[in-house]
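J.: Can you read through this structure? Questions will come right after.
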Amino acid sequence: MFSTTTHSVPYLYLGNFSRKPHYYSVKRTKLPGSAGAAQLSKPNSTSSRSHDLVLDLRNLLSRSSASLQGMVERATRLNGILDRQLVNEVLAKVTSMLPSMRDVRVTLEEPATQIGRVQLQNYQFEFSLTGAAGAPTTGAHVKVIPTITPGLLRPLFSQQQLKHVRGFKTDRSIEAEQKRNPTMTSRLKNALANSPQRLDGDTPFQAEKLRRLLAKSEDHGFNNAENLKIAFAEGYLAAANSEDSPKSGKTMKYLKTLVVIVVFLGIFLSFFTTSNGSVFRIQLGNQVEVDPEEINVTFEDVKGCDEAKQELKEVVEFLKSPEKFSNLGGKLPKGVLLVGPPGTGKTLLARAVAGEAKVPFFHAAGPEFDEVLVGQGARRVRDLFKAAKARAPCVIFIDEIDSVGAKRTNSVLHPYANQTINQLLSEMDGFHQNAGVIVLGATNRRDDLDQALLRPGRFDVEVMVSTPDFTGRKEILSLYLTKILHDEIDLDMLARGTSGFTGADLENMINQAALRAAIDGAETVSMKHLETARDKVLMGPERKARLPDEEANTITAYHEGGHAIVAFYTKESHPLHKVTIMPRGPSLGHTAYIPEKERYHVTKAQLLAMMDTMMGGRAAEELVFGTDKITSGASSDLKQATSIATHMVRDWGMSDKVGLRTIEASKGLGTGDTLGPNTIEAVDAEIKRILSDSYERAKAILRKHTKEHKALAEALLKYETLDADDIKAILNESQT
Numbered sequence: 001m002f003s004t005t006t007h008s009v010p011y012l013y014l015g016n017f018s019r020k021p022h023y024y025s026v027k028r029t030k031l032p033g034s035a036g037a038a039q040l041s042k043p044n045s046t047s048s049r050s051h052d053l054v055l056d057l058r059n060l061l062s063r064s065s066a067s068l069q070g071m072v073e074r075a076t077r078l079n080g081i082l083d084r085q086l087v088n089e090v091l092a093k094v095t096s097m098l099p100s101m102r103d104v105r106v107t108l109e110e111p112a113t114q115i116g117r118v119q120l121q122n123y124q125f126e127f128s129l130t131g132a133a134g135a136p137t138t139g140a141h142v143k144v145i146p147t148i149t150p151g152l153l154r155p156l157f158s159q160q161q162l163k164h165v166r167g168f169k170t171d172r173s174i175e176a177e178q179k180r181n182p183t184m185t186s187r188l189k190n191a192l193a194n195s196p197q198r199l200d201g202d203t204p205f206q207a208e209k210l211r212r213l214l215a216k217s218e219d220h221g222f223n224n225a226e227n228l229k230i231a232f233a234e235g236y237l238a239a240a241n242s243e244d245s246p247k248s249g250k251t252m253k254y255l256k257t258l259v260v261i262v263v264f265l266g267i268f269l270s271f272f273t274t275s276n277g278s279v280f281r282i283q284l285g286n287q288v289e290v291d292p293e294e295i296n297v298t299f300e301d302v303k304g305c306d307e308a309k310q311e312l313k314e315v316v317e318f319l320k321s322p323e324k325f326s327n328l329g330g331k332l333p334k335g336v337l338l339v340g341p342p343g344t345g346k347t348l349l350a351r352a353v354a355g356e357a358k359v360p361f362f363h364a365a366g367p368e369f370d371e372v373l374v375g376q377g378a379r380r381v382r383d384l385f386k387a388a389k390a391r392a393p394c395v396i397f398i399d400e401i402d403s404v405g406a407k408r409t410n411s412v413l414h415p416y417a418n419q420t421i422n423q424l425l426s427e428m429d430g431f432h433q434n435a436g437v438i439v440l441g442a443t444n445r446r447d448d449l450d451q452a453l454l455r456p457g458r459f460d461v462e463v464m465v466s467t468p469d470f471t472g473r474k475e476i477l478s479l480y481l482t483k484i485l486h487d488e489i490d491l492d493m494l495a496r497g498t499s500g501f502t503g504a505d506l507e508n509m510i511n512q513a514a515l516r517a518a519i520d521g522a523e524t525v526s527m528k529h530l531e532t533a534r535d536k537v538l539m540g541p542e543r544k545a546r547l548p549d550e551e552a553n554t555i556t557a558y559h560e561g562g563h564a565i566v567a568f569y570t571k572e573s574h575p576l577h578k579v580t581i582m583p584r585g586p587s588l589g590h591t592a593y594i595p596e597k598e599r600y601h602v603t604k605a606q607l608l609a610m611m612d613t614m615m616g617g618r619a620a621e622e623l624v625f626g627t628d629k630i631t632s633g634a635s636s637d638l639k640q641a642t643s644i645a646t647h648m649v650r651d652w653g654m655s656d657k658v659g660l661r662t663i664e665a666s667k668g669l670g671t672g673d674t675l676g677p678n679t680i681e682a683v684d685a686e687i688k689r690i691l692s693d694s695y696e697r698a699k700a701i702l703r704k705h706t707k708e709h710k711a712l713a714e715a716l717l718k719y720e721t722l723d724a725d726d727i728k729a730i731l732n733e734s735q736t
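Going by full-length UniProt numbering, the sequence shown opens with residue 1, and the numbers climb by one from there.
Printed below as a string of structure tokens:
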């Protein structure tokens, strides 16, 4: 503790509790019942805050000699830390001076001699007297300190003395160290505090308690010879609030850091949320319960794939009566692979197998196995088969199995890419047998599957689920028509006009017809509604108005008329169904064909007829508007015609010059099977020749039937849409 000297008004230094020291002057005031008292006030020149507080310290210094003697005795037992004789001399002087002290004037001209400390509430009051030995007291010194010094040393030792005891740290040094190296906990505590804190943890409302003590002391009289009044103030509180409180910049820094951490945790945990409607739920570590699905579908609900149903009925027998086959030494099949285009009913067939056998049905999609965490796919496969084994006999259906069972890779960029398929291979045919568990897989990309997955012992049976034929389409249409209100429907005509439709296409067509009937306000679905829905599926949705550009409409009419004329006068072409210049989908017009019967193979004449029909649009543009007026509207026609010609030459051996051979496409440099330049030139020349011959045949037909072509184009401009009967009538009328 350092001291200072003033000439006019003395000041009292209350301890180095902050970076900026606070000094207080002692002014004599009159209190009721006392000859004199000391009031402590802070000069205006030293601080902007005002601290006026008066407190009677009668109870602080009115210590008996016995009490002080006890303090000395306890201190003496501390192995001579203080000199016993010196302490006794100081004690005698203090006890002799207490009754005679009247006025107190603080003059810190020489170091003060500490007498002791007294605790009140949460404060320690350290008081000292100054003066020569045997002479009256010339001054007093009071300091307020926190109550965190060890209790045994509080009465006699100051913080400066205690700091030099070996192996001991004072609270002051601890607080200084914490200020230099604050912990994250203390930073957050200071940043989020609602009210400013003192060094000792107390809040400013403690000053109210001191004021109440002062008011109580003023109600009693005092003996000037027995009482010592000195004022003190909590000066370090102002410094603690102004200097040691967290700055707004630091507070915002800590809060921003906290917000960033919370946002990062929220984004990270968003990857591990529950997905509704899925068999699997992403979790960290814990296994996921996989529950079977109740199935009410039977083979009666599946139409249009009789061959596939017959194959799967054998699987149902395996599940219903396994002992029937095991008695003969046979084994149940491990798996059945359903292969076919999208929408042909593979999933429905798998559900029907479980429904017919009345066994639990476990369903999972291929993409569900893989997630952001490495090893999730393999774990999910284990969980799925573990749950299935517990419920055997049962059926496991994996839809889009090509997603999880694709060919394994040796890429170093994905060292864990094969874990899922390896686990699937092990579960289907590994060390542990899956008695009573049959795996059904569905895919439309069989060539992408790993060969180890296709071998016997895993997928023993492959069932091809193709698009329905004429009979199958009639059955599917009949099934779905029973679910709506409809008029008399010509099923034969409707089935014949939907060649190539899958079961999903037929269901969508009937649903679209029902929606159209509801929009039109009809009570039942008519044949017209069904034909409109069929055209929508075949040609795309119809736009409501034709193009305002009459020149574009004229070009479109002659273009579509060219397709219709060539198709009508070509023997092996498909029969015409409808021609329109109303924009549908991405095209400005459309010509639709419907085969009379199912085609199980295609002849060379039919392929050439298809190419001639496709060339009819571009040939019509050239003949009617000239070579410089041809448009880009024939891009799709040329693409399809080129594809047919390429297959004829490279795959089907329909070229005399190239010969009876198949020529695979080049796979790039360094593969060892690239085509020679002569072969490539011969193939390109033959494809070009076939396309040129087809184009010339189309132009020849249009030159021969120019009158019919013009009449058909004018009818399209007038009526916009013509069906097969309208086209036939117009062409017959033009010939007469």
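The beta carbon of each residue, even a glycine, is placed where N, CA and C say it ideally should be. Please read these numbers as outputs of a predicted model, since none were measured by experiment.
Are there 16 or more other CB atoms within 10 angstroms of the CB of Met493, so buried, or fewer, so exposed?
T.: The residue is exposed, with fewer than 16 neighbouring Cβ atoms inside 10 Å.
J.: Determine the burial state of Thr662: buried for a count of at least 16 other Cβ atoms within 10 Å of its Cβ, exposed for fewer.
T.: Exposed, because fewer than 16 other Cβ atoms sit within 10 Å of the Cβ of Thr662.
J.: Please confirm whether Val602 and Val649 have their CB atoms less than 8 Å apart.
T.: The answer is no: Cβ separation not under 8 Å.
J.: Roughly how many whole angstroms lie between the Cα atoms of Ala729 and Glu314?
T.: Taking the straight line joining both Cα atoms gives about 54 Å.
J.: Note down, in chain order, each residue of its chain lying with its Cβ closer than 7 Å to the Cβ of Leu481, except the 5 sequence neighbours on either side.
T.: Taken in chain order, the residues that qualify are Ile489, Ile510.
J.: Mapping the DSSP letters down to three states, classify Tyr600 as helix, strand or coil.
T.: Reduced to three states, the DSSP call for Tyr600 is coil.
J.: Are there 16 or more other CB atoms within 10 angstroms of the CB of Glu681, so buried, or fewer, so exposed?
T.: Glu681 comes out exposed.
J.: How many angstroms separate the CA atom of Val279 from the CA atom of Pro586?
T.: The predicted position of Val279 is uncertain, since its pLDDT is 41 and thus under 50; no value can be drawn from it.
J.: Tell me the rounded alpha-carbon separation between Lys604 and Lys331.
T.: Spanning the two alpha carbons is a distance of roughly 47 Å.
J.: Let me know the secondary structure DSSP gives Thr482 once reduced to three states.
T.: In this structure, Thr482 counts as coil in the three-state DSSP scheme.
J.: Just to confirm before moving on: does the CB-CB distance between Leu716 and Phe568 stay below 8 Å?
T.: No, Cβ-Cβ distance for Leu716 and Phe568 is not below 8 Å.
J.: What separation, rounded to the nearest whole angstrom, lies between the Cα atoms of Ala724 and Pro575?
T.: Using only the alpha carbons, I get a separation of about 8 Å.
J.: Could you give the distance in angstroms between the alpha-carbon of Gln451 and the alpha-carbon of Glu427?
T.: Their Cα atoms are separated by approximately 16 Å.
J.: According to the neighbour-count rule (16 or more other Cβ atoms, all chains shown, within 10 Å of its Cβ), is Tyr695 buried or exposed?
T.: The residue is buried, with at least 16 neighbouring Cβ atoms inside 10 Å.
J.: How would you call Pro677, buried or exposed, if buried means at least 16 neighbouring beta carbons within 10 angstroms?
T.: The residue in question, Pro677, is exposed, as its Cβ has fewer than 16 Cβ neighbours within 10 Å.
J.: Can you tell which of Gly345, Val297, Lys718 has the C-alpha that lies nearest to the C-alpha of Glu550?
T.: Out of Gly345, Val297, Lys718, Lys718 has the C-alpha closest to the C-alpha of Glu550.
J.: Going by beta carbon distance, what residues of the same chain come within less than 6 Å of Thr556, once the five residues before and after it are set aside?
T.: Excluding sequence neighbours, Thr556 sits near Ile581, Leu588, Gly589.
J.: Going by Cα to Cα distance, which pick from Gly616, Ala641, Ser643 is closest to Ile630?
T.: Ranking the options by Cα distance to Ile630, first place goes to Gly616.
J.: Is the CB-CB distance between Leu538 and Ala592 below 8 Å?
T.: Cβ distance < 8 Å, so Leu538 and Ala592 count as in contact.
J.: Please confirm whether Lys474 and Ala504 have their CB atoms less than 8 Å apart.
T.: Cβ atoms of Lys474 and Ala504: not closer than 8 Å.
J.: Taking 7 Å as the cut-off, does the CB of Glu400 come closer than this to any heavy atom belonging to the ligand COA?
T.: In the structure on display, the ligand COA does not appear, and there are no ligands present to speak of.
J.: Check this for me: beta carbons of Leu348 and Val463, under 8 Å apart or not?
T.: For Leu348 and Val463, no; Cβs fall outside 8 Å.
J.: Ends of the alpha helix (DSSP H) at Thr347?
T.: First-last of the alpha helix (DSSP H) with Thr347: 346 to 357.
J.: The alpha helix (DSSP H) spanning Ala514 covers which residue range?
T.: 503 to 520 is the extent of the alpha helix (DSSP H) around Ala514.
J.: With distances taken from CA atoms, which of Arg172, Thr642, Arg697, Thr679 is nearest Lys688?
T.: Checked all of Arg172, Thr642, Arg697, Thr679; the closest Cα to Lys688 is Thr642.
J.: For the beta strand (DSSP E) that Ala364 lies in, which residues bound it at each end?
T.: Unbroken beta strand (DSSP E) run through Ala364: 361 to 365.
J.: Take Val566 and list the residues in its own chain whose beta-carbon comes closer than 6 Å to its own, dropping the five residues that flank it on each side.
T.: Excluding positions up to five away in sequence, the list reads Asp612, Thr613, Gly616, Ala698, Ile701.
J.: Identify the continuous alpha helix (DSSP H) that holds Met464 and give its terminal residues.
T.: First-last for Met464: 461 to 464, but that is the beta strand (DSSP E), not the alpha helix (DSSP H).
J.: By the DSSP assignment, the beta strand (DSSP E) with Lys578 in it spans what residues?
T.: Counting along the chain, the beta strand (DSSP E) containing Lys578 begins and ends at 576 to 580.
J.: Going by beta carbon distance, what residues of the same chain come within less than 6 Å of Gln735, once the five residues before and after it are set aside?
T.: Contacts found: none.
J.: Quick one, are the C-beta atoms of Phe385 and Ala350 less than 8 Å apart?
T.: Not closer than 8 Å, so no.
J.: Does the distance from the C-beta atom of Leu449 to that of Gly405 stay below 8 Å?
T.: Contact flag set, yes.
J.: Ignoring anything shorter than 4 residues or poking outside the region 315 to 343, list the alpha helix (DSSP H) runs there in chain order.
T.: Segments of the alpha helix (DSSP H) lying fully in the region 315 to 343: 322 to 326.
J.: So, is Ala364 buried or exposed, given that buried needs 16 or more other C-beta atoms within 10 angstroms?
T.: Ala364 should be labelled buried.
J.: Suppose contacts are defined by Cβ-Cβ distances below 8 Å. Is Gly340 in contact with Val465 by that definition?
T.: Yes, these two residues count as a Cβ contact at 8 Å.
J.: Please state whether DSSP places Ile295 in a helix, a strand or coil.
T.: Ile295 falls in the coil class under three-state DSSP.
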